[in-house]
Amino acid sequence: MIQWLVFLLFSTLAVVSGLGVVLLSNPIYVILALLSVLVSVAGIFFVAGAELVGALQLIIYAVAVTVFYVFVLTAVPWEKALKKDPFYRVEGLLSFPLVLLLYAEMLLVFLIGVSVSPKGQFREFVRQFGNTEVVGGILFSKYFLAFELVSLVLLIGMIGAVIIGRKEAQTYEGDTP
Amino acid sequence: MGYMALLLFFGVMLVIALVFVFVNSLLGPKTSDALQDYPYECGVPLYDKSAQSTFHQGYYLLGLLLLLFDIEAAFLFPWTVVYRYLGLFGFVEMFLFILILTYGLLYAWRKGALNWQYEEESL
Amino acid sequence: MVKKVFEKPLSWIERIFFLDFVRGLSITIRQAFRRTITTHYPYEKLTPPKRFRGFFGHKVVDGNEPQPAFEEWVERFKIQVEPGKSRCVVCMLCKRACPVPQLFEIEGEKLPDGRRRVSLFNMNMMLCTFCGFCVDACPVDCLFQSDIHETAGYTRKDSVLDLQTLERIGRDWQRRREEEPDRIWIDDYQRQRLWYENNPHLPEVKR
Amino acid sequence: MEGLIVWLIITLVKILVILGIVLGVGAYLTLVERKVAAHIQRRPGPMVVGWHGLLQPLADGIKLLTKEDLFPRYGNRFLYNLALVMALVPATLVFAVVPFGPEFKVFGVEVKPILTDVNVGLLLVFALGSMAVFAIALAGWASNSKYALIGSMRKAGIVVSYEVVITFAVMGPIILAGTLSTYEIVQKQIEQELWYIWLQPLAFVVYMFALLAETGRVPFDVQEAEAELVTGFTVEYGGMKFGLFPLVEWYIEVLSLSAIAVVLFLGGWSPINIPFLGFVDPLFFLGPLSPFVWFILKVSLLFLFVLWLHWTLPRYRIDQITETAWKVMLPLTFVNLVLTAVIAPVLWG
Amino acid sequence: MPWVKGEEFVDLKQRFEGLEIEEKPTLTTLQVPKAKLIDLLKTLKEEKGYKLFLDHSVVDFPDKRPRFQAFYTLYNVEEKKRVLVKTWTDGLLPSIEKLWFAGKWAERECYDMFGIQYEGHENLVRAFMWETYQHYPLRKDFPLEGYATEYLPSLNETLWGENLQGLMNYDRMHTQVPTLEDLEITERRRLQKKAQIVLNWGPLHPGTHGTMWFLFDLEGERVYQCDVILGQLHRGVEKLAENEMYNQFLVYTDRMDYLSALCSNQAWVVAVERLLGIEELVPEKAKYIRTMMAELQRINSHLLWLGAYALDLGALTIFLYAFKEREKLMDIIEGITGARLTISYTRVGGVRMDLPEGAVEVIRAFVKRFPKELKEWETILSRNRIWLRRNVGVGVISKEDVYFYGLTGPVARGSGVPYDLRKFEPYDAYGWVDFDVPVGESGDVYDRYLVRLEEMRQSLRIVEQCLHALEKMPKDAPFFAESPDPKKLKLPLDGIGLKVPEGEIYSSGENPRGELGFYIYSTGGVKPYRVKIRPGSMYNLCVYPKLMKDRVVADAVTILASLDPVVGEIDR
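Protein chains in written order, with this note's numbering: chain A, 1 to 177; chain B, 1 to 123; chain C, 1 to 207; chain D, 1 to 349; chain E, 1 to 572.
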């Protein structure tokens, strides 16, 4: 009963702030709304009993990702943003099909996943050992190859970030009058 | 149930924080002085009226690195918990994982991504 | 003659074991357990040394005037000497020596018997630099600087010393400190806390 | 239903206790800090209000509460106030996962002196602890002062760097304990009869550095370096709003992070530990109160140590701070992680 | 004497037509026509070795044509010789900013105060006054009480002193004050924004050591360009000097470098004594007392610097420790002179009072205790890794920069130039005592820090030797000069009617903040015709914008504190 109420609270909050992310014009409010979405989703995870995912949601999304956005915030052209000039309109329109594609993919994965995944098999484990242990146990035995691949992906991400970031920084240095 | 307590605590703290926000406007005096709300900048006319303008910091890459390392940590936390049961295999797994990411760190280091704001050579 | 200054770089042992921090921390913690040295100002007050240059005063005629200078100047200006009143001979030397002469307002008045007396002696302390030139200039050891250092007031008028105030300060000074020897400080007790901070057995202070 | 009411009562009592710690003890720590600083500098510190200034925090509080509410011109009032909420709430929520002592029984009810003993307690600590960065970034941006902006950006840089360091630094103790729950980590240390500081000195040093950095204590107080930035991001805040930021940063966060340090490295509420010999409890006469006293003692010693550092050392420059984090601390934590992974099986036998 | 002999320049006479060499006991001057000025200065700098720029200013003769006499003071550090170059102009001079950067600031000051225009000066803006100010205050036709255009707001109110017309006569004081608009115009004139944010750093800022106004053009936290707006504390001391008697001006030297008042007093008194030619008449005891007090004051001043410097770098406790020792020094100075800050102790011809009873013992106690304290602070700071990282390699000044920017004092010595007037040109008792001149090597902030610490030790050595000499003297030895012929030369303690013959002199003393020089032009009589003060702090500060370029804001306090300026002396 209470769980249901809390779920309702968090999901409403998530939806409302999700709307805020799309509709608000001031970038700083957008980031706050995004933070609110992420925290509400983490709340939903906690309600559903997925503690590890919830905590990681908080650490990775609510802190790391949003802090990065806060950094990006300092590079926002504020004169434009506060005057509500629509900038990046074309890019926004272009991104729309991609977003649709993403949704389609997620739906696909969800549908396939539901049919493939073992049902109720882990519930007992989770109750017995705890969330983290079960995730760890599976991750480091069954999916260890994927785990190692993740490190490579992260490495590539890091290198890409450094290359793109430095390049931008240099052109930026040149741009300053 | 544990998280309900957290939620309850959150609600209580929210109320208290709101009290702190509004207590001064309730209890404090109200004076009017032409320059009392002038932003502090050492008592002289502001050169730029708004400080909310663009602020260059070269360290936003650190934000990106934080993200990457947090993801790494997200994978390592389950590992630390179950390491006891994994044995040598787990050690090798983790060692490789960290080795690869250390390479990434070294790469970022060499490229100067870990530097603060400005690179000496560009000056 | 010429001395090069330098410091050795930190050694690795110092770096790894934070010896530089440890040394600093050991000093501050030792200080923390020593006695405090401050003077708790409005409750405790230091007495300034005798040479302190504070508010001004007029010494009054009491028989201790510098002779024969006093007699000479009194005769020269034909001054009416009254015991218990200011020694001022209205020579205006203080005003001449002052870097800001506007702060003085001095007038003498003629008495019926032809002799003169100081009638107005105002000093505006708002303009004063407390340099002491006027005191050096005073030939009869009349104007002097007392140990009054708490000089704040609420109005500009408070900062003007008139003749009565000057004489009062002078009488007060002659009663309290005239006889004091010319020592560097007199109230050594309060300053002992600062000067002999670590020494529980204070050396005898000469009085 | 009855269970729910009992739970509610217990939870509310716990919340009240934590609130007392946060607001009461937090306020009195200002007096402690002033006294410690004063005596290190050969001054007596506050002496006028109450005996040896014991009522000084009260006087300060009343003064702060009755100050005028000022708001900087050209600023953003909503964010200006929101920053305050976002600073206070997450910082206090960290206390929810701090275990103050072992389980005990009152009126037949088992009570754990921890608000929520969750399986991912430590993760919550770091997630909530680093939320402060939003508050500071907002405070800097919303008050429309350049000093505040620079200060808040510095703080953001520091948190970004030391967040990684602190996450990796605590992995050593977690490996040894095999759990993320703060309560269980302490219990594991008691079971193994070993404080983890004996096995993790490197991690402890790194953790302490990260603690100082995240809370903005000297030598890392660059975000409010008074000689450079006046008071950094709080420069436009007045009254109680101004009072809350140092309270949160310098007292509540230091307290919560020291408590976590005690949990992770110093065996929580356990008495003095001699490695490989067991526990020695000079406070045995206190009976069931002894664990609580030990916990408070350890936290306050850590807090005093932080103060001692604060009033001795100069401060780093901001670039040196972040570069130290990435170039020294982070590799050190990696080394520590690998070493722990090697040592841990030996400990388990 | 430090002045160059005239015959050394005989070879220049062929090359520069109209060069007049004049050798007086007080100084040696070269006078050239305006057209040859730059060539002569260049020759002096590059061939004759006069590399260190000391001062430049103008003397105004409203009745003469051409009206202004400009002078340049140069120093040859290797041969320890000084020369003064003079020229006449009617309001236009060539700029020497290519030869010496310090000349740029001196020229700005002349433009501000006399309205002299400089050809080739790339940034000729006012030095102390705001941009919209109309007048040239140091010209002789500028009235002493100012133009009655505006009143100081605080003096307008008559509420609290209305009954005291004679004493509270504010009608005589007229001062124009800048409005906010004036300040904004000045601000924008001084710095054209090129990067992102222009930050006003000062005047009301704890890190600027007084009321200095810096403008930082920031790119992130990096300072892209920097400028200084001076004049927040400008009181026209040079103008006052023209209207005060020689002894009375002593009071204003207190208020210039208010942290080392005794040193300034001493420098002024020595300058006047040299102009009078009575340097030998001053009794030995007075010289020892002056030297000792000046050295105590130097320690005092360096202690304040150390405390403020440590405070700027976050080590708050050192500030209190330094002030503890400083309080003892203050006690000593207060007991001997009667004042703690504005001391006015020396007099032309001696000192105001003899040492009181017990002074020697107290100073001995201090000297005995002080090295231990110094050692403790060094233990906390000198080898602390944070301190090293904040200091080493920051704000590096090369030897060439020292000459180019006219740096003196510990700043010059930190860069390895052993320029110390106490050695090069001993005044008072400095010739009779033994001490070392500490010099640094790399010229960074850390070297300046070490140099100042070592200077405190050397000062203690001097104090000890002075004490030794003083103890040996009889108690009733004279502390004030006896005038040989009281009819010709009056030397009273209060200085009333101290008549000084016609002549000019440039004389300087080694202040804790660099060379404090006084150029006195006397046309005879009780008041000087023109006094130009060479403030060490101002020329030391002029290197600051260069050092700050491309440093972060956090280094601003480090570098500024290591230059250790005092605004009272910069603005005068």
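Beta carbons are placed, not taken as given, at the ideal position from N, Cα and C, and that holds for glycine.
Exercise for review: For E204 (chain C), I'd like the list of residues in its chain whose CB is within less than 7 Å of its CB, leaving aside the five on either flank, ordered along the chain.
Suggested key: For E204 (chain C), the predicted model reports a pLDDT of 48, less than 50, meaning its position is unreliable; a value from the coordinates is still stated below. Take E204 (chain C), set aside five residues on each side of it, and no residue of its chain has a beta-carbon closer than 7 Å to its own.
Check your understanding: So, do the segment 70–81 of chain D and the segment 141–151 of chain D have three or more beta carbon pairs nearer to each other than 8 Å?
Key -> Short answer: they touch.
Check your understanding: Starting from Q31 (chain E) and walking both ways along the beta strand (DSSP E), at which residues does that stretch end?
Key -> Where Q31 (chain E) is concerned, the enclosing beta strand (DSSP E) stretches over 28–31.
Point to revise | Cβ pair R42 (chain D), K475 (chain E) closer than 8 Å | key: The answer is no: Cβ separation not under 8 Å.
Check your understanding: What does P45 (chain B) touch in chain E if you count any residue whose Cβ is under 7 Å from its own?
Key -> Contact note: P45 (chain B) reaches chain E through L180, L183, E184, E187, using a C-beta cutoff of 7 Å and chain order.
Practice item. Indicate the three-state DSSP secondary structure (helix, strand or coil) for N81 (chain D) in the structure shown. Key: For N81 (chain D), the three-state secondary structure derived from DSSP is helix.
Practice item. Thinking F52 (chain C) and G338 (chain E) are a contact (beta carbons under 8 Å), I'd like their distance in whole angstroms, please. Key: That pair is a contact at about 5 Å.
**Study point:** Element boundaries [beta strand (DSSP E), containing W88 (chain E)]
**Key:** Per DSSP, the continuous beta strand (DSSP E) segment holding W88 (chain E) begins and ends at 81–89.
Check your understanding: Are any of the Cβ atoms in chain B nearer than 8 Å to that of T132 (chain A)?
Key -> With 8 Å as the cut-off, T132 (chain A) counts as an interface residue toward chain B.
Point to revise | Opening and closing residue of the alpha helix (DSSP H) in which P143 (chain E) lies | key: Premise fails: P143 (chain E) is in no alpha helix (DSSP H) and is neither H nor E.
Review point. Looking at H39 (chain D) and A69 (chain C), is the spacing between their C-beta atoms short of 8 Å?
Key: Cβ distance not < 8 Å, so A69 (chain C) and H39 (chain D) don't count as in contact.
Check your understanding: Going by DSSP, which residues form a beta bridge with T523 (chain E)?
Key -> When DSSP reads this structure, T523 (chain E) sits in a beta bridge with E:E502.
Review point. At which residue ranges does the segment 91–171 of chain D contain complete beta strand (DSSP E) runs of 3 or more residues, listed in the order of the chain?
Key: Listed in chain order, the complete beta strand (DSSP E) runs (minimum 3 residues) inside the segment 91–171 of chain D are 104–106, 109–111.
Practice item. Mind listing, in chain order, the continuous beta strand (DSSP E) runs of no fewer than 3 residues lying wholly within the segment 33–70 of chain C? Key: Entirely contained in the segment 33–70 of chain C, the beta strand (DSSP E) runs reaching 3 residues are, in chain order, 56–58.
Review point. Is the Cβ-Cβ distance between A64 (chain A) and V39 (chain A) less than 8 Å?
Key: It is not a contact, given that the beta carbons lie outside the stated cut-off.
**Study point:** Pair within 8 Å by beta-carbon distance, R222 (chain E) and D444 (chain E)
**Key:** Cβ distance not < 8 Å, so R222 (chain E) and D444 (chain E) don't count as in contact.
Review point. At what residues does the beta strand (DSSP E) containing G170 (chain C) begin and finish?
Key: No beta strand (DSSP E) holds G170 (chain C); the alpha helix (DSSP H) holding it covers 163–176.
Review point. Ordered along the chain, which non-local residues of its own chain (more than five positions away) have a Cβ less than 8 Å from that of Q145 (chain C)?
Key: Counting only Cβ-Cβ distances below 8 Å, and skipping sequence neighbours, we find F52, R53, G54, F55, F56, G57, F130, G132, V135.
Review point. Quick one: Cα of D62 (chain C) to Cα of V360 (chain E), how far?
Key: Straight-line measurement puts the Cα of V360 (chain E) at about 34 Å from the Cα of D62 (chain C).
**Study point:** Proximal residues to G573 (chain E) (C-beta, below 7 Å), its chain only, five neighbours per side dropped
**Key:** It is not possible to answer for residue 573 (chain E), since the shown part of chain E is limited to 1 through 572.
Review point. Mapping DSSP to helix, strand and coil, what is W311 (chain D)?
Key: Residue state, collapsed to three classes: coil.
**Study point:** Sufficient close CB pairs (3 or more, under 8 Å) joining the segment 148–158 of chain D to the segment 94–105 of chain D
**Key:** Contact fails between the segment 148–158 of chain D and the segment 94–105 of chain D, because fewer than three Cβ pairs, one in each stretch, are under 8 Å apart.
Check your understanding: Expressed to the nearest angstrom, what Euclidean distance is found between the alpha-carbon atoms of L266 (chain D) and P275 (chain D)?
Key -> Near 12 Å, if we compare the C-alpha coordinates of P275 (chain D) and L266 (chain D).
Exercise for review: Note down, in chain order, all residues in the segment 532–562 of chain E with a beta-carbon under 9 Å from any beta-carbon belonging to chain B.
Suggested key: Against chain B - using a Cβ distance shorter than 9 Å - the residues of the segment 532–562 of chain E are K549, D550, V552.
Check your understanding: So with Cβ pairs under 8 Å, would you call L88 (chain D) a contact of chain C?
Key -> Under the Cβ criterion of 8 Å, L88 (chain D) is not counted among the residues facing chain C.
Review point. By the criterion of Cβ-Cβ separation under 9 Å, what are the contact partners of W387 (chain E) in chain D?
Key: The contacting residues are L313, P314.
Check your understanding: Shorter than 8 Å from the beta carbon of V306 (chain D) to some beta carbon of chain E?
Key -> Under the 8 Å criterion on CB atoms, V306 (chain D) is classed as non-interfacial with respect to chain E.
Exercise for review: Use the C-beta contact count for G113 (chain A): other C-beta atoms within 10 angstroms, 16 or more gives buried, fewer gives exposed.
Suggested key: With fewer than 16 other Cβ atoms inside 10 Å of its own Cβ, G113 (chain A) counts as exposed.
Review point. Between the C-alpha atoms of T175 (chain E) and V44 (chain B), what's the straight-line distance to the nearest angstrom?
Key: Each residue's Cα considered, the two are about 20 Å apart.
Check your understanding: For V82 (chain B), which option in A:L23, A:N131, A:I31 has the closest C-alpha, if you only look at C-alpha atoms?
Key -> Closest by alpha carbon: A:N131.
Review point. Of all the CB atoms in chain A, is at least one closer than 8 Å to the CB of E41 (chain B)?
Key: Closer than 8 Å: no.
**Study point:** Cross-chain neighbours of L52 (chain A) in chain D, by beta carbon under 9 Å
**Key:** Here the neighbours are N119, V120, L123, L180.
Review point. Does the distance from the C-beta atom of Y345 (chain E) to that of A469 (chain E) stay below 8 Å?
Key: Result no, Cβ atoms of Y345 (chain E) and A469 (chain E) do not sit closer than 8 Å.
Practice item. Tell me, please, which residues DSSP counts as bridged to T346 (chain E). Key: E:V351.
Practice item. Taking only beta-carbon positions, decide if L202 (chain C) is within less than 8 Å of chain D. Key: With a pLDDT of 48 at L202 (chain C), under the threshold of 50, the modelled position of this residue cannot be trusted; read the value that follows with caution. It does not; no Cβ of chain D falls within 8 Å.
Check your understanding: Can you round the beta-carbon distance between L161 (chain C) and M123 (chain C) to whole angstroms, since I take them to be within the 8 Å contact cut?
Key -> L161 (chain C) to M123 (chain C), Cβ: 5 Å. Contact.
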